[in-house]
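Residue numbers (the working numbering): 7 to 304. Using N, Cα and C, we set each Cβ at its ideal position, and we do this for glycine too. Remember, it's a predicted structure, so these values are computed and weren't measured experimentally. Structure first, then comments.
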């Protein structure tokens, strides 16, 4: 138990350190420390000019708790996911597989996931360890901001690498192409939007166990009073092949996000929490749970 607490604490300390580094790196620098024509200043200004141009060309919605947004974002994100299963088992994911999101060019985003630290606690035993590494690239095909149509279409290519601990690794590389779309109604200050993704995963081996699951996520999100973003999300998973072949699972998430709260310079804070339930699903891998999210956008 002491070892579990120590490792879980280490995971949180790593994330807190990355939060701090992100905040310090992207807050406004001391005007006396960098000249306006220094190489570092020019590189930073050029990078953020690209980020600002990219984000001005798309809707300004909030990234949902579960659904991966079709928008291109630049932020550091840390989630915690708790799932309560039958028989008194609780699975906790510290980190949620999120991490650093960057916009290196106008239509592209890359996400470097921070492997979550997992804890599977039963009435008799507790197993803990790291999940697999995940990477994701987005390419935005079409977009228009709130004044010019309020929509977006993006493609993703994700990959999960078998780097995790024995109890939590998938043991094989998993590739997941995704189509993501979104449509909004309203202004930048208030309105509603729908964001949706459709993906299919292809494991490099053990298809007779994993199968090829298809996931359809949709977020119904509102925006009012500057910082409030209530939402309802649905996540439908259908397994084709493998041990769960022919089974469907529907997860519903009731959540709210608060943000983007100005901190220093470009840095803005986003916080979110959501309750998940599978009571609308005939089959489920867990009963209910919670998702919390903290992000530093820059």
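For the beta strand (DSSP E) that residue i lies in, which residues bound it at each end?
i: residue 256; result: 254 to 268
i: residue 236; result: 234 to 244
i: residue 229; result: 220 to 229
i: residue 99; result: 96 to 101
i: residue 299; result: 294 to 303
Roughly how far, in whole angstroms, is the beta-carbon of residue i from the beta-carbon of residue j, given that I think they are within contact range, below 8 Å?
i: residue 225; j: residue 73; result: 4 Å
i: residue 76; j: residue 159; result: 7 Å
i: residue 144; j: residue 114; result: 7 Å
i: residue 90; j: residue 123; result: The pair is not a contact, with the Cβ atoms about 18 Å apart (cut-off 8 Å).
i: residue 190; j: residue 156; result: 4 Å
i: residue 273; j: residue 304; result: 5 Å
i: residue 186; j: residue 162; result: 6 Å
i: residue 78; j: residue 117; result: At roughly 10 Å, the Cβ-Cβ gap does not stay under 8 Å, so residue 78 and residue 117 are not in contact.
i: residue 2; j: residue 80; result: The first residue shown for the chain is 7 and the last is 304, placing residue 2 beyond what the model contains.
i: residue 258; j: residue 238; result: 7 Å
i: residue 119; j: residue 103; result: 5 Å
i: residue 188; j: residue 67; result: 7 Å
i: residue 210; j: residue 183; result: Not a contact, Cβ separation roughly 14 Å.
i: residue 154; j: residue 196; result: Between residue 196 and residue 154 the Cβ distance is about 18 Å, and since that is not below 8 Å, they are no contact.
Can you check which of these residues, the options, is closest to residue i by C-alpha distance?
i: residue 130; options: 107, 293 and 93; result: 93
i: residue 219; options: 241, 246, 211 and 230; result: 246
i: residue 284; options: 78, 48 and 260; result: 260
i: residue 203; options: 118, 275 and 240; result: 240
i: residue 64; options: 275, 281 and 148; result: 148
i: residue 137; options: 151, 121, 117 and 152; result: 121
i: residue 244; options: 280, 289 and 212; result: 289
i: residue 88; options: 301, 282, 296 and 302; result: 296
i: residue 309; options: 217, 59 and 262; result: The question about residue 309 has no answer here: the residues shown for the chain are numbered 7 through 304.
i: residue 255; options: 184, 223 and 53; result: 223
i: residue 98; options: 294, 301 and 300; result: 294
i: residue 263; options: 250, 242, 227 and 251; result: 227
i: residue 269; options: 248, 301 and 252; result: 301
i: residue 58; options: 154, 215, 112 and 83; result: 112
i: residue 242; options: 298, 142, 282 and 84; result: 282
i: residue 177; options: 168, 183 and 184; result: 168
i: residue 96; options: 235, 154 and 128; result: 128
i: residue 279; options: 299, 252 and 271; result: 299
i: residue 6; options: 179, 139 and 252; result: Residue 6 is absent from the model: the chain starts at 7 and stops at 304.
i: residue 214; options: 201, 221 and 248; result: 248
i: residue 142; options: 105, 265 and 266; result: 105
Determine the DSSP secondary structure at residue i, reduced to helix, strand or coil.
i: residue 60; result: helix
i: residue 283; result: strand
i: residue 93; result: helix
i: residue 278; result: strand
i: residue 13; result: At residue 13 the pLDDT is 46, less than 50, meaning the model places this residue with poor confidence; the figure from the coordinates comes in the next sentence. If DSSP states are grouped into helix, strand and coil, residue 13 belongs with the helices.
i: residue 290; result: coil
i: residue 38; result: Note that residue 38 scores 48 on pLDDT, short of 50, meaning its location in the model is unreliable; the coordinates nonetheless yield the value given after this. In this structure, residue 38 counts as coil in the three-state DSSP scheme.
i: residue 31; result: The predicted model places residue 31 with a pLDDT of 48, which falls under 50 and marks its position as unreliable, so this point remains unresolved.
Considering only residues of the region 103 to 173, which uninterrupted beta strand (DSSP E) runs meet the minimum length of 3 residues and lie entirely inside it, listed in chain order?
Scanning the region 103 to 173 for uninterrupted beta strand (DSSP E) segments of 3 residues or longer gives 105 to 111, 114 to 119, 123 to 127, 132 to 136, 139 to 150 and 157 to 167, listed from N- to C-terminal end.
List in chain order: all unbroken beta strand (DSSP E) runs of 3+ residues lying wholly within the region 173 to 217.
Those beta strand (DSSP E) runs which fall completely within the region 173 to 217 and span 3+ residues are 180 to 192 and 197 to 206.
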